[in-house]
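Asker: Using our numbering, you'd call the opening residue of the sequence shown number 5 and step up by one each time.
Glycine residues also receive a C-beta, built at the ideal position from the N, C-alpha and C atoms.
These numbers were taken from a predicted model, which means no experiment stands behind them.
My structure is below; once you've seen it, I'll send some questions.
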Amino acid sequence: MTAARWTSADPRRDRARAIADLLRERISSGELPADARLDEDELGTAYNASRNSVREALDLLVADGLVSRRRGVGTRVSAPKLGHGLDRLAGLAETLTGQGEVRNEVLEARRLRRLPKEAAARLDQKATAGGVRIRRLRLLDGEPLSLDISYFPTDVGAPLLGADLSGTDVFQLLEESLGTRLGSAQLVVHADVADADLAALLQVATGDPVFRIDRLTRLPDGRPVDAEQLHVRADRIALEATIERDR
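Written as structure tokens, this is what we have:
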């Protein structure tokens, strides 16, 4: 690594941009791997720059999502984001095939005598009809990616309670138990932040950004069978879709 040289006449913003560009190259080449710590004093010495210039350079990289700052942890290189397509109905394990080991930590799986009002309305049934709730923490190579909360009608959800919820996507289990392919899903994506409980589960800081995805999955005949809410780490997942203009 060659230290950059500037004269005192160089504006601080130009210095910061130059430092940011050098760090981008080191991150993209793998010289600075994910989770590498970036110390402001060390960078200032390496690039012969003031602390303010280094801090501004790191601000640029934070804005680009290449590094992150957390109290008590410092500034570190972010892991590359994983693409999660919104234009195909697929489980997390299907979406992240080849990216690592996807595992589900089952936090809750039980029958409910009464469904929450909102879940019942989405499933087009009365709350008093009851149902099944499953809460899972989704992990990739041991790192939490999302918290998924799903509600099912009783006849649909009951067979799932004895199934392999830790190692198999719910979509696959649904298709196996119902004997038919799933049909379609409606999705709404919200910007949200992690409260203390969610932050502890996802191993992020309280107030960190997350995506909240409300997904309602239907059978080919239109019957709603899975009313789901996903809280997804925005620092690890990028939501993607391919869409076409109406002709």
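1) G135 and T158 - do their beta-carbons sit closer together than 8 Å?
2) Between V71, A50, V58, which has its C-alpha nearest D239's C-alpha?
3) Could you tell me the boundaries of the beta strand (DSSP E) in which R237 lies?
4) Evaluate T210 with the Cβ neighbour count: other Cβ atoms within 10 Å of its Cβ, from every protein chain shown; 16 or more gives buried, anything less gives exposed.
5) Give the straight-line distance between the Cα atoms of S12 and A22, rounded to the nearest whole angstrom.
6) Within its chain, find whatever has a CB closer than 7 Å to the CB of N56; leave out the 5 residues flanking it on each side and keep chain order.
7) Candidates L143, L127, V66: which alpha carbon is nearest G104's?
8) Taking one C-beta from the region 230-247 and one from the region 137-154 each time, how about it: are there three or more such pairs within less than 8 Å?
9) I want to know whether the region 168-178 touches the region 188-195 - three or more CB-CB distances under 8 Å.
10) Counting only the same chain and skipping the five closest in sequence on each side, list residues whose C-beta sits under 8 Å from that of P37.
11) Taking the Cβ atom as the reference point for each residue, do S170 and V110 lie within a distance shorter than 8 Å?
12) Is S150 buried or exposed, if buried means 16 or more other CB atoms sit within 10 Å of its CB?
13) Can you give me the C-alpha to C-alpha distance between L206 and A83, rounded to a whole angstrom?
14) Given a threshold of 16 other Cβ atoms within 10 Å of its Cβ, counted over all protein chains shown, does L220 qualify as buried or as exposed?
15) Checking the sheet assignment: what are the DSSP bridge partners for F215?
16) For W79, collect the residues of the same chain with a Cβ closer than 6 Å to its Cβ; drop the 5 residues on either side in sequence, then sort them by chain order.
Answerer: To lay it out plainly:
1) yes
2) V71
3) 228-237
4) By the Cβ neighbour-count rule, T210 is exposed, with fewer than 16 other Cβ atoms within 10 Å of its own.
5) Because the pLDDT of S12 is 46, which lies under 50, any placement of that residue in the model is unreliable, and the number read from its coordinates should be weighed accordingly. In a straight line, the C-alpha of S12 is about 15 Å away from that of A22.
6) R16
7) Residue L143 is the option with its Cα nearest to G104.
8) Counting Cβ pairs under 8 Å, three or more are found: they touch.
9) no
10) V81, listed in sequence order.
11) Here S170 is near V110, since their CB atoms are less than 8 Å apart.
12) buried
13) 15 Å
14) buried
15) A195, V236
16) Reading off the sequence, residue 79 comes out as Thr, not Trp. Within the same chain, T79 has close Cβ partners L42, L62, V71, R73.
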